[in-house]
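Undergrad: First to last, the sequence lines map onto chains A and B. Just so we're aligned: 101 in the working numbering is position 101 of the first sequence, and the numbers increase by one with no gaps anywhere. Just so we're aligned: 309 in the working numbering is position 309 of the second sequence, and the numbers increase by one with no gaps anywhere. Just so it is clear, CB atoms sit at the ideal spot from N, CA and C, and this is done for glycine as well.
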Amino acid sequence: MPRLENPKALVALQVKAREQRAALPQRISVCGGTGCVAAKASGCIEALNAAIARHDLSSKVEVQVTGCHGLCERGPIVVIAPQQYCYLGVAAADANEIIEQSIIEGRPLDRLMYQVEKKPVTSQDKIPFFRGQQRLLLEANTRIDPRNIEDYLAIGGYTALEHALFEMRPEEIIASVKESGLRGRGGGGFPTGRKWETTRNAPGDTKYVIVNADEGDPGAYMDRSLLEGNPHSILEGLIIGGYAIGANVGYIYVRQEYPLAVENTLLAIGQAREQGLLGKDILGSGFSFDVEVHRGAGAFVSGESSALIAAIEGHVGQPREKYVHTSVSGLWDRPTNLNNVETWANIPHIINKGAKWFASIGTKTSSGTKVFSLVGKVRNSGLVEVPMGTSLRTIVYDIGGGIPGDKRLKAIQTGGPSGGFLPESMLDVSVDFDELVKAGSMMGSGGMIVMDEDNCMVDAARFYVDFLAHESCGKCLPCREGLRQLLHILNRIVAGEGREGDLELMDELCDTVAVSSLCALGKSAPNPVRSALTHFRSEFEAHIREKRCPSLACVSLFHYEIDGKRCNGCSLCQKNCPPNAIHGEHKKPKTIDQESCIKCGACETVCPPKLNAVSKVAGRAEPEDSPLLRQKTG
Amino acid sequence: MPSQQTLAQTEVDVVVVDDEETIREGCRMALEGEGLRIETAANGALGLELLARVRPRVALLDLRMPGVAGIDVLKRLPEIDPRIVPIVITGYASVESAVDSMKLGAFEFLTKPFETTQLLDTVHRGIHHWGTYAPAQSALAPRRAKQAQILKSQEDALLKSLEAAEEYAELGGTPTALADELRTLEMQADYHTRQLGVVQKKGKALHDFVADLHAVDAIVARHLSKRSALIQILLDIQSQKNWLPSHMLMWTSRRLGVPMGRILEVATFYEAFSLIPQGRHQVQICTGTACHVRRAPELLVTISSLLGIKPGQTDSDLNFTFKQVHCLGCCALAPVVKVDSAYYGNPSMKELKEIFARCTKDAQAEGEN
Chain A
1 MPRLENPKAL
11 VALQVKAREQ
21 RAALPQRISV
31 CGGTGCVAAK
41 ASGCIEALNA
51 AIARHDLSSK
61 VEVQVTGCHG
71 LCERGPIVVI
81 APQQYCYLGV
91 AAADANEIIE
101 QSIIEGRPLD
111 RLMYQVEKKP
121 VTSQDKIPFF
131 RGQQRLLLEA
141 NTRIDPRNIE
151 DYLAIGGYTA
161 LEHALFEMRP
171 EEIIASVKES
181 GLRGRGGGGF
191 PTGRKWETTR
201 NAPGDTKYVI
211 VNADEGDPGA
221 YMDRSLLEGN
231 PHSILEGLII
241 GGYAIGANVG
251 YIYVRQEYPL
261 AVENTLLAIG
271 QAREQGLLGK
281 DILGSGFSFD
291 VEVHRGAGAF
301 VSGESSALIA
311 AIEGHVGQPR
321 EKYVHTSVSG
331 LWDRPTNLNN
341 VETWANIPHI
351 INKGAKWFAS
361 IGTKTSSGTK
371 VFSLVGKVRN
381 SGLVEVPMGT
391 SLRTIVYDIG
401 GGIPGDKRLK
411 AIQTGGPSGG
421 FLPESMLDVS
431 VDFDELVKAG
441 SMMGSGGMIV
451 MDEDNCMVDA
461 ARFYVDFLAH
471 ESCGKCLPCR
481 EGLRQLLHIL
491 NRIVAGEGRE
501 GDLELMDELC
511 DTVAVSSLCA
521 LGKSAPNPVR
531 SALTHFRSEF
541 EAHIREKRCP
551 SLACVSLFHY
561 EIDGKRCNGC
571 SLCQKNCPPN
581 AIHGEHKKPK
591 TIDQESCIKC
601 GACETVCPPK
611 LNAVSKVAGR
621 AEPEDSPLLR
631 QKTG
Chain B
1 MPSQQTLAQT
11 EVDVVVVDDE
21 ETIREGCRMA
31 LEGEGLRIET
41 AANGALGLEL
51 LARVRPRVAL
61 LDLRMPGVAG
71 IDVLKRLPEI
81 DPRIVPIVIT
91 GYASVESAVD
101 SMKLGAFEFL
111 TKPFETTQLL
121 DTVHRGIHHW
131 GTYAPAQSAL
141 APRRAKQAQI
151 LKSQEDALLK
161 SLEAAEEYAE
171 LGGTPTALAD
181 ELRTLEMQAD
191 YHTRQLGVVQ
201 KKGKALHDFV
211 ADLHAVDAIV
221 ARHLSKRSAL
231 IQILLDIQSQ
241 KNWLPSHMLM
251 WTSRRLGVPM
261 GRILEVATFY
271 EAFSLIPQGR
281 HQVQICTGTA
291 CHVRRAPELL
301 VTISSLLGIK
311 PGQTDSDLNF
321 TFKQVHCLGC
331 CALAPVVKVD
341 SAYYGNPSMK
351 ELKEIFARCT
361 KDAQAEGEN
């Protein structure tokens, strides 16, 4: 394909791509995000293609593999255009029926649709999960094949780049980003425009721009979904940023744990280069820019700007003191602007629709939308994009559909390992950068983990400290040793060996680590413990004083028992017990050998609900040879 | 500065054969600045002449030149003076041919454009190896001939014995004596077959070893020998071998000129790298927050119990490696298990058993082949 030499050629290609797509209105879009692929979407795609071939419809309809739609819990998701019928949880076996009923006859297939009060919901945007959202960034994911640049061009892709290169001066772009009020989506919430300006004004001819896609927060996958589903939007934002800042080289730093994201990004870069949207003299504007992909080798701390830069230079990812900002002295000691994936993805929208429009979305101090990964104990878990300032209640109950199994919500954890727990009483907090900090948590990159009454807050705090102690790079002592000691205490508490004074000691340790650590990892590491101690102190006390886990979640503080009166001896539990710890003849009540039990809970899961014979019992089991038990069994 | 003794043997340290004047003069400036003596030639034919005349310690050869190319000079270098250490210069596009030139005995290669420090480092290492660096081929040739001779004479001896036995039978020799003779012969033949097996095994190990080094060369070339690409290079080795064997790390260290200590610093810092062999099948359990609150800890003990190994361990027949990872980024399917490249959301005991059985079966089939 020839390179696009000027803006006119770009517009012509966009029009051509749009016309080609308009000529073939019937399309079956299958979500090819990692979530849906894990739910066997590839089988569906094959089956759909086979069914199309069988009915000789190849000239009338095509299967398009798109990026993530967001409702990952119910994948694989299939959308039929032009009617927009949305099918959830589709299996390969459904393919034939979909083709016959929805493509040939044009009727919806009710069975596969989202049901509200037993009535099918006709299109995706009417499903409560999607209705409550404002999908500025994620919307395109459902409409384009991320591996085909023409799909992106057909929806007006690279128009913002053309506009920025030919009708705006770099200073105007920066002014526009400043006016939009866009703040860094990676967690810090630093005003993006100001960061750009600092880098632009920093002395030196060589400058760099970097996309931070080292999404290390456990429980968050917004960046993955954007990079996998719409890599061109991030590239477009990055090129505009490069032009505004005066950089000719960009890096995309992406975790190697995201193979599909790496693959799609590399493909997108190749296509953009081929079209002349990357490389020398982009669209004939005289501006040259190119991008390199660096794969992260798995270290949470590499998400920190100076550590990430060290990793790109080929060193171990350890942060440095930042009395000189990376925007002045970053990669190879040159001024470097680093932004999160989601921040870059917002740039084309700001250029296309204007800073005023962007600033009108969200709240006064936090403009725009934010993508959250709403996961954990929630019915519709997946990716949610809402305007800043939406309340937690709206996100969890209206969009997320509430807690499954009529359980009670206990806490929502936001901000990843550096964030905090928000108890049920704080459900009406509106979610933006400043409100969350006031409530004792933070925005972070957008992880939102819902926990219900079965989750133990002591264990959750221990989980985060365990994670952070493991991920601490070890450069500074407060973080390395402080977290290790915190973990040591928490491990004791969940094992039922907590002591009086532990809580006070933890309070003190938290203060020390927060004040004296080198980088943000250590400074924010005590947050989960602090907020758990503030809101759920009684749970800690129960563990320490009564050696009891109120949620029956801490492995050392409960055991499983089979109720001999309820058990009918169906042997299901016996067959499913990994260590073969369940004994008893068929058709006779079973018993658990507590010594070999690994507490995997398989017996509880497989026991038929009508019997409900297996249950968790607080405290440790008595040994089988205890004199008391011998007396009982006679 | 070279010592008096070596001066007597060679007057010139480096000969640069390159058709680009900028490269020739650039090298001259850089190397003379270090106190090295250098001569240059603008094409292959002049280069051969110059090399034969001055017999330097290091020859820098451009691969692509009109007329006699660098690769031809490289091939004829052992005839001129086997002590000369050849270093190949190559452009961005022809890194693959650089790898080929390594097979022909090049000591090292430089990709254009190269930094002065890189040039000096490589040349100094070359000088250090002068006289002791002999390309593998020339060292092997006499041995190969000797080996062929031994094999031939053994075969002859065996045939002669069999002929003698035949004659003995024709003469009407006693069957028991003949049988004894034949048994002895058979035992000797068995012994030789066993010996051959040992040699073959050693040969295969050596072959794999060399293949690994070639793989490193190809990976390093793909990353243009950039030191900053160290992490990317290690990631590529890791994905090819599933772990980082020490000989490949040493080779990387030599090729990049990065000390082994720094390579190990990087390899031990990042989660993605393993310095011990990994199983053929990677079982990863996600213990990110979303998975943690949805029974990942229970799933972890289940898998541990099924595989008989804890997270971080590999089973004794190198079939499975069980790993705990922080987030696989498919939180909505929690708890998630990844076996090789396939993801499974909340798998049941039955599913897990089936998946693992499939992997074990694959391994057995492989073993039989």
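Would the beta-carbon of asparagine 340 of chain A fall within 8 Å of that of glycine 184 of chain A?
TA: Contact: yes.
Undergrad: Taking a contact to mean a Cβ-Cβ separation below 8 Å, would you say leucine 505 of chain A touches isoleucine 489 of chain A in this structure?
TA: Cβ distance < 8 Å, so leucine 505 of chain A and isoleucine 489 of chain A count as in contact.
Undergrad: Alpha carbon to alpha carbon, how far is serine 225 of chain A from asparagine 576 of chain A? Give it in angstroms, no decimals.
TA: Spanning the two alpha carbons is a distance of roughly 35 Å.
Undergrad: Scan the region 224-301 of chain A and note each continuous alpha helix (DSSP H) run of 4 residues or more that stays entirely inside, going in chain order.
TA: Qualifying alpha helix (DSSP H) stretches, in chain order: 231-245 and 259-275.
Undergrad: Return no unless some Cβ of chain B is closer than 8 Å to the Cβ of glutamine 574 of chain A.
TA: Taking Cβ atoms only, chain B never reaches closer than 8 Å to glutamine 574 of chain A, which makes this a no.
Undergrad: Please identify the residue among B:Leu333, B:Ala332 and B:Ile303 whose C-alpha is closest to the C-alpha of isoleucine 355 of chain B.
TA: Comparing Cα positions, the closest option is B:Ile303.
Undergrad: Under 6 Å Cβ to Cβ from glycine 258 of chain A, same chain only, skipping five residues before and after it: list those, please.
TA: Note that residue 258 of chain A is tyrosine in the sequence shown here, rather than glycine. Result list for tyrosine 258 of chain A: Arg224, in chain order.
Undergrad: Can you tell me where the alpha helix (DSSP H) holding threonine 336 of chain A begins and where it ends?
TA: Unbroken run through threonine 336 of chain A is the beta strand (DSSP E), 336-340; no alpha helix (DSSP H).
Undergrad: Of the residues A:Phe463, A:Glu595, A:Cys473 and A:Gln574, which one's Cα is nearest the Cα of glutamate 585 of chain A?
TA: Selected option, being the one with the closest Cα: A:Gln574.
Undergrad: Rounded to whole angstroms, what is the Cα-Cα separation between lysine 310 of chain B and tyrosine 270 of chain B?
TA: Cα to Cα, lysine 310 of chain B sits roughly 20 Å from tyrosine 270 of chain B.
Undergrad: Hey, out of B:Leu300, B:Ala169, B:Val220 and B:His326, whose CA is closest to methionine 102 of chain B's CA?
TA: Comparing Cα-Cα distances from methionine 102 of chain B to each of B:Leu300, B:Ala169, B:Val220 and B:His326, the minimum goes to B:Val220.
Undergrad: Is it true that the CB of asparagine 337 of chain A sits closer than 8 Å to the CB of isoleucine 245 of chain A?
TA: Yes.
Undergrad: Alpha carbon to alpha carbon, how far is histidine 129 of chain B from arginine 254 of chain B? Give it in angstroms, no decimals.
TA: Their Cα atoms are separated by approximately 13 Å.
Undergrad: Residues in its own chain within less than 8 Å of glutamine 238 of chain B by CB, not counting five upstream and five downstream?
TA: Contacts found: Leu244, Ala272, Phe273 and Ser274.
Undergrad: Which whole-angstrom value describes the C-beta separation of proline 56 of chain B and valine 15 of chain B, a residue pair presumed to lie in contact below a C-beta threshold of 8 Å?
TA: Contact holds; Cβ gap of about 4 Å.
Undergrad: My output table needs one value for asparagine 612 of chain A: the three-state DSSP class, helix, strand or coil.
TA: If DSSP states are grouped into helix, strand and coil, asparagine 612 of chain A belongs with coil.
Undergrad: Suppose the cutoff is 6 Å on Cβ atoms and the five residues either side in sequence are ignored; what does the same chain contact list for leucine 267 of chain A look like?
TA: The residues are Arg147.
Undergrad: Report the three-state DSSP secondary structure of phenylalanine 205 of chain B (helix, strand or coil).
TA: According to the sequence shown, residue 205 of chain B is alanine rather than phenylalanine. The answer is helix: DSSP assigns alanine 205 of chain B an H, G or I state.
Undergrad: Thinking C-beta only, is serine 517 of chain A closer than 8 Å to cysteine 479 of chain A?
TA: Contact flag set, yes.
Undergrad: For valine 328 of chain A, which residues in the same chain have their Cβ closer than 6 Å to its Cβ, ignoring the five residues on either side in sequence?
TA: For valine 328 of chain A, where only same-chain residues beyond five positions count, the Cβ hits under 6 Å are Ala202 and Pro335.
Undergrad: Helix, strand or coil for leucine 36 of chain B per DSSP?
TA: Reduced to three states, the DSSP call for leucine 36 of chain B is coil.
Undergrad: Take lysine 475 of chain A and list the residues in its own chain whose beta-carbon comes closer than 8 Å to its own, dropping the five residues that flank it on each side.
TA: Excluding sequence neighbours, lysine 475 of chain A sits near Gln318, Pro319 and Leu518.
Undergrad: Taking Cβ-Cβ distances below 9 Å as the criterion, which residues of the region 316-328 of chain B are in contact with chain A?
TA: The residues in question are Val325, His326, Cys327 and Leu328.
Undergrad: Between the beta-carbon of histidine 281 of chain B and the beta-carbon of valine 339 of chain B, is there less than 8 Å?
TA: Against a cut-off of 8 Å, the Cβ pair of valine 339 of chain B and histidine 281 of chain B comes out as a contact.
Undergrad: Using three-state DSSP, classify glutamate 181 of chain B as helix, strand or coil.
TA: The answer is helix: DSSP assigns glutamate 181 of chain B an H, G or I state.
Undergrad: Identify whether lysine 322 of chain A lies in helix, strand or coil by the three-state DSSP scheme.
TA: Of the three classes helix, strand and coil, the one that applies to lysine 322 of chain A here is coil, per DSSP.
Undergrad: Please list the residues of the region 174-196 of chain A that have a C-beta atom closer than 9 Å to any C-beta atom in chain B, keeping them in chain order.
TA: From the region 174-196 of chain A, no residue has a Cβ closer than 9 Å to chain B.
Undergrad: Any beta carbon from chain B within less than 8 Å of lysine 294 of chain A's own beta carbon?
TA: Note on residue identity: the sequence assigns histidine, not lysine, to residue 294 of chain A. Yes, histidine 294 of chain A lies at the interface with chain B (some Cβ there is under 8 Å from its Cβ).
Undergrad: Would you say methionine 443 of chain A and glycine 189 of chain A are within 8 Å of each other, going by their C-beta atoms?
TA: A contact, by the Cβ cut-off of 8 Å.
Undergrad: With the cut-off set at 8 Å, would you say alanine 520 of chain A and alanine 461 of chain A are in Cβ contact?
TA: No; because the gap between Cβ atoms is not below 8 Å, this pair is not in contact.
Undergrad: Cβ of leucine 714 of chain A within 8 Å of Cβ of phenylalanine 289 of chain A?
TA: There is no way to answer for residue 714 of chain A, as the model of chain A reaches only from 1 to 634.
Undergrad: Beta-carbon within less than 6 Å of glutamine 4 of chain B's beta-carbon, same chain only, minus the 5 sequence neighbours each way: which residues are those?
TA: Reliability of the predicted coordinates at glutamine 4 of chain B is poor, the pLDDT of 41 falling under 50, and the value obtained from them is presented with this limitation in mind. Correct list: empty, nothing qualifies.
Undergrad: Mind listing the chain B neighbours of valine 396 of chain A? Cutoff is C-beta to C-beta under 8 Å, in chain order.
TA: What valine 396 of chain A touches in chain B: nothing, since even the nearest Cβ is about 14 Å away.
Undergrad: Does phenylalanine 300 of chain A get closer than 8 Å to chain B when you measure Cβ to Cβ?
TA: Cβ-Cβ to chain B under 8 Å: yes for phenylalanine 300 of chain A.
Undergrad: Taking C-alpha atoms, which residue in A:Gln133, A:Gln14 and A:Glu622 lies nearest to lysine 370 of chain A?
TA: Selected option, being the one with the closest Cα: A:Gln133.
Undergrad: Would you list the residues sitting across from arginine 618 of chain A in a DSSP beta bridge?
TA: Looking at the sequence provided, one finds alanine at residue 618 of chain A rather than arginine. In the DSSP output, where bridge partners are listed per residue, alanine 618 of chain A has A:Phe558.
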